[in-house]
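Below is one structure, written out as structure tokens, with a few remarks after it.
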Amino acid sequence: MKKFIWLLTLIVALSMILTACGAAAPAATEAPVVTEAPVSATEAPVATEPPAAPAEPFRVAVIMPSAINDLAFSQSMFDALTRIQEEMGGTDAFEFVYSDGMFNVDDAAAAIRDYATEGYDLVIAHGSQYGSSLQEIAPDFPETSFAWGTTAETFGVPNIFAYEAASQEGGYVNGVLAATLSTSKVIGIVGPIEVGDAKLYVDGFKAGVATTDPAVKVNVNYIGSFSDVALASEAATTHIAAGADALTGTAQMVVGAIGKAEEANALWFGTQSNQTSLAPTIVVASQVYHWEVALREIITLINSGTLGGQSFKANLANGGEVVEFNPDYALSADATALAESTIQGIIDGTITITLP
Amino acid sequence: MISELFTVTVLIGILASGIRLATPYLYASIGETFGQRSGVLNLGVEGQMLLGAFAAFYVALTTGSLWLGILAAMIVGALMGLIMAFVTVNLHAQQGISGIGFYLFGLGLSDLLFQKLMGTVETVKGFPPIKIPWFSSIPGVGEIFFSQNILVYGAYLLVPLAWFVLNKTTLGLKIRSVGENPDAADSLGVSVARIRYFTIILGGTLSGIAGASLSIALLNVFQQNMTSGLGFIAVALVYFGAWRPWGVLGGALLFSMVNSLQLWIQVLGIPIPSEIAVMMPYVLTILVLVITVSRVRAPSALTKPFERED
Amino acid sequence: MTDSNKLPSGQTRIDSIEMRGITKRFPGVLASDHVDFDVKSGEVHALLGENGAGKSTLMKILYGMYHPDEGQILLNGKPVSIASPTDAINIGVGMIHQHFMLVPSLTVAENVALGLPSSRGPLTDLDRVSKRIVELANIYGLKIDPSAYVWQLSVGQQQRVEIIKALYRGAALLILDEPTAVLTPQEVDEFFVIMHQMVKDGYALIFISHKLHEVVEISNRVTVLRNGKKIGTRPTSETTKQDLANWMVGRDVDFAPDRGKVDIGEVRLKLENVCCGNDLGTPGLREVCLEIHSGEILGVAGVSGNGQRELADTIAGLRKTTSGRVYLEGRDVTGLAPGDLTDRMLSYIPEERMRDGMIKDFTVAENMILREHHKHQFSRSGFLKLKDISTHTDKLIAQFHVKTPSQETLAKNLSGGNIQKIVLAREISRNPRAIIAAQPTRGLDIGATEYVREQLLDQRKRGAAVMLISEDLDEILALSDRVAVIYEGRIMDILPRQNATRERLGLLMAGVHPEEKAPA
Ligand SMILES: Nc1ncnc2c1ncn2[C@@H]1O[C@H](COP(=O)(O)OP(=O)(O)OP(=O)(O)O)[C@@H](O)[C@H]1O
Ligand SMILES: [Mg+2]
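Chains as they are written, first to last, in the numbering used here: chain A, 30 to 385; chain B, 13 to 322; chain C, 6 to 525.
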């Protein structure tokens, strides 16, 4: 009996620590309050204005598969929410809480349900793996709005929004640049699993390379995991050994690959977030998601009583995607011009990307 | 295209990256081998690795000293081991469950510290490759075996060392007997508790180094949950290796080589769906396990708490 | 110090050790109740008592494994504290446990060296250890290969390893807790030769056994315990077997129970050309053919390790046959799982009851219903009927005189003999159609032995078919209707009881057909 009590104490202590860091228990997750900044006057590149702050703050909860600072997928959502909060005038108008590191789908489902129960206006399940959970949970909370991505699928449920990024667009731009800059004419791609956002990006990238220089060889490696940094790094090493001098990759485990690219002085093209800080000498450009484009519309719809049923796409044209160049990388004027005209072409529709 | 697999570049690539990939497994699995030979199953390896990886990374980042980083990883791993030992040896806790508890603890704590202390993914300059004079210039072999970083060499030196300790020293004799028949060991004045404390703490220390080998030698970044199941594979490799250091080495190499082979298969565009390719190391390892496992026996007292009846 | 003070191993002898007023309480039991006990150099002091009388407990206190609640220990007249086995070893006390304390996966030399400092510092010095083992073994003619793995050794050889282990550690006093229980009659004889020699050389020996003829043969003094209390100590020369039995149990003991006359019925259990392998891969049974009838006890005699265990396991469904058939009541049951055999009312009392017959960490009550817990008698739609189980357990505890503080006591906390009784009670009480009983009285005190033998005869009277596997010829001859002799996995011959003389059985057990021997 004494042993049992000891053990129980230990387990409770463990779970308290776990709770504190927000990996398992959403209820206790503190909302990371962004230091107050006056609403930026220069902001608002898009037509939809942020809704005027109502008396009650708009409350959002988000579940993310990896850490909010993964320099990839999860961070892109976290940054977007932070920007929305700034736009809308801080925590008085817009509050958000998050549970990150929810790579376990069952834990995530529990968290989604908890948040819905707690009456958040919008619960975001940021990851395509959460779809089936959401489809089950959303009908139980008809008053709450849910959103998930990246996908176009709302399951026909009236309180589910969907959002996705046309990541093939940034991928295409990166591909065009990579094909231009590669001298070995071999390019390597490190992907997680051959589905969704990652597949779109990879296919767009390949299309960009192919139209620019069909002689360039693109090797693709899906490592079967979103978190295995070691294997991602080894995949990059493999690409380099196979002759690649330019690499790209998508999902949070690519931080391992970027290091190897840097060691071998190969170029890196990022996506999802700006990855320049990881290897300032070799990162050429990153496609960055600005989910706030979709989020603004979703919030406006919710405030006007529509809780779901629509899907949104972030792309270069609506500012949901931005290709950010590394200012420290000396990109030639020609290359810069080529990139810029490619972006413009995609935006005005003169360039169409054909995916396999 | 299959023929491309047999070019020198590819073979060297497979061997070299297999050897690197096996490094963290070796530290963690050898540590686990000591624990299991003494009768303690530690499923918390993954958590210990994560904390070790973070400690090493953070200390290396802030002090600029990689060796201090290693030391930090060892201390953190040893501390985790100490708590684990207390829980399993003194409190007789169920080893499987408490191991999972330690995994979750390590996962959560490493993430918490990462968020609070670093906030974003950063990189350090890790241990550089050390080229062993003359040997490293042997074509092919040199690149595979003699231009790795210090922690890679260390991992491979650990194997004969562990074999020696287990089989040729009085300590090893005590460890083996405590794992097979603790009552007998106890009746001869061997302190079962002390031996198990030792092996669990050693296991934790080595798991800490395993984590460090990722964060400051092989990858040079820290990210939440960066071990992604590696620690659990390390535990499985102990079974695979039939609780013997050389067997563990074989298992770690097999698993890693097949993994790097699989990467090459994709890079060379050999038309195997990536979903199938990534399963290869697991499938093959399980196959070998199924074929060999019937012939080996786990330490008899594995997972059994020991208590003298007084 | 004179040479006469030294033992052949080089160790100084212990003139006397005395335990005074030793008291030890376990939850619910007073295992030792102010016991005085002493032993001197050059004598065998036998310790007698029923199962659970407190013999092992008293000895574990002397060996530092248990701590007495009261009392003191004097070495050569001076008080000593023995807080751990290490302390005991240091003053020259060694113990051979009722359940061996060996590590099967290690070699003999490694087992001996375990826990001792090495001449090479942190490295093992197995070569030196092996040399010394051979030296010590030679003194007493204990043939043993230091590099053999313990799991490869027979029980008798393992015991030698235990003795050498103690001698190696400089034991001058040896506690032998039921050393003969697991030995074959030949091995017991060899063992006694060794004991005689050791006593002559000046060792002090404490000998525990339930076999009174052994006690009478080997000991100089006898002490009897009952319920944790000492009844008395006497010189062996002044007692007889009957006296001791009386003294121990407090009543007359019947060594040869009445077999009565029973009509033999139809064939219950039949083996047809059964072959199987053993653990080392070589054939364990070769073409075994047997029939046992309702109302019959078939004794299976043989030196241990000749296929008895394989025979029992095969019938009980625990080992696969490689060829041949097994029939129970005319139905082919070859290859059936133990559970199916249970449902067909086959009972099995395995030889290694601690390992194969029970779960040490379960309570007495749980162990009592281990085999039939799913039957309507003990459970209803998945729920155990706790009240019925408890009544049933109480009944068995009383019938079989299981000494336990309660039904809820964990089986592992009972004395060696009482652990055995749980299995016996469970297997016999279900009124089976056939019973396989392997060494059913090993480790039981005389009262319990008598009871179990009566039970087996009762079952025979009821019409059960009983296979009695035993190395104790007295037991075989006292109970069997027919005797089969097994040698190297083959049935040498099956004799009706009246033809089964000791001489004849002895020859068969050695693999010789008396008829074959005659012409030579
Ligand atoms: N560790 C223990 N915990 C609780 N009770 C115990 C323990 N060890 C022994 N006992 C109890 O003490 C009593 C004496 O046991 P002990 O083993 O000394 O008997 P024994 O004389 O050696 O019997 P046997 O002939 O059956 O070996 C028994 O009733 C037993 O149940
Ligand atoms: Mg006993």
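The beta carbon of each residue, even a glycine, is placed where N, CA and C say it ideally should be.
Local conformation of residue i per DSSP, three classes
i: C/Thr244; result: coil
i: A/Thr300; result: strand
i: A/Thr383; result: coil
i: C/Val229; result: strand
i: C/Trp2; result: Missing from the structure shown is residue 2 of chain C; chain C here goes from 6 to 525 and no further.
i: A/Ala323; result: helix
i: B/Ala310; result: coil
i: A/Tyr149; result: coil
i: A/Leu100; result: coil
i: C/Phe388; result: strand
i: C/Tyr154; result: strand
i: C/Ser352; result: strand
i: A/Trp177; result: strand
i: A/Pro74; result: Residue confidence is low: A/Pro74 scores 42 on pLDDT, short of 50, so the model does not pin down where it sits. No coordinate-derived value is stated.
i: A/Ser370; result: helix
i: C/Gly54; result: strand
i: C/Glu183; result: coil
i: B/Thr19; result: coil
i: A/Thr64; result: Annotation note: pLDDT 35 at A/Thr64 (below 50); position unreliable, coordinate value reported separately. Looking at A/Thr64 - three-state DSSP - the assignment turns out to be coil, as it is neither helix nor strand.
i: C/Glu48; result: strand
i: A/Ser69; result: Low confidence applies here, because A/Ser69 scores a pLDDT of 36, under 50, leaving its location unreliable and the question unanswered by this model.
i: A/Thr241; result: helix
i: B/Tyr251; result: helix
Reference residue i; option with closest CA among the options
i: B/Gly93; options: B/Ile82, B/Gly81, B/Leu78 and B/Ser110; result: B/Ser110
i: B/Leu265; options: B/Leu214, B/Met292, B/Leu33 and B/Trp276; result: B/Leu33
i: A/Gly178; options: A/Val351, A/Val245, A/Val186 and A/Ile153; result: A/Ile153
i: C/Gly47; options: C/Leu172, C/Ala209, C/Thr62 and C/Ala93; result: C/Ala209
i: C/Ile481; options: C/Ala469, C/Glu277 and C/Val305; result: C/Val305
i: A/Ala139; options: A/Glu263, A/Arg88 and A/Ile92; result: A/Ile92
i: C/Leu510; options: C/Gly494, C/Ala489 and C/Glu493; result: C/Ala489
i: B/Leu296; options: B/Thr315, B/Gln274 and B/Leu314; result: B/Gln274
i: B/Thr217; options: B/Ile87, B/Ala196, B/Leu261 and B/Ser77; result: B/Ile87
i: A/Val215; options: B/Ile95, B/Gly281 and B/Ile156; result: B/Gly281
i: C/Gly329; options: C/Gly270, C/Ser135, C/Lys136 and C/Gly340; result: C/Gly340
i: B/Phe18; options: B/Lys316, B/Val302, B/Ile277 and B/Met292; result: B/Ile277
i: B/Ser77; options: B/Gly89, B/Leu231 and B/Gly138; result: B/Gly138
i: C/Ile149; options: C/Asp130, C/Ile169 and C/Arg133; result: C/Ile169
i: C/Ala416; options: C/His381, C/Phe367 and C/Ser386; result: C/Phe367
i: C/Asp45; options: C/Asp132, C/Val166, C/Ile27 and C/Asp206; result: Sequence check: residue 45 of chain C is Lys here, not Asp. Per the Cα distances, C/Asp206.
Residue i - partner residues in DSSP beta bridges
i: C/Ile424; result: None; C/Ile424 has no bridge partner.
i: C/Gly282; result: C/Pro288
i: B/Thr135; result: B/Val233
i: C/Arg30; result: C/Leu35
i: C/Arg125; result: C/Leu128
Cβ contact (3+ pairs, closer than 8 Å) linking the region 271-289 of chain A and the region 211-229 of chain A: yes
Sufficient close CB pairs (3 or more, under 8 Å) joining the region 249-262 of chain A to the region 278-295 of chain B: yes
Cβ pair count under 8 Å reaching 3, the region 446-459 of chain C against the region 210-220 of chain C: yes
Three-pair Cβ contact test at 8 Å for the region 343-359 of chain C versus the region 388-405 of chain C: no
Stretch pair the region 86-105 of chain B + the region 241-254 of chain B: three plus CB contacts closer than 8 Å: no
Three or more C-beta pairs below 8 Å linking the region 34-46 of chain B and the region 150-169 of chain B: yes
Meets three-Cβ-pair contact criterion under 8 Å: the region 327-338 of chain A and the region 134-151 of chain A: yes
Given 8 Å, three or more beta-carbon pairs between the region 32-39 of chain C and the region 228-235 of chain C: yes
Cβ pair count under 8 Å reaching 3, the region 217-226 of chain C against the region 136-145 of chain C: no
Cβ contact check for the region 299-307 of chain A and the region 61-72 of chain B: 3 or more pairs under 8 Å: no
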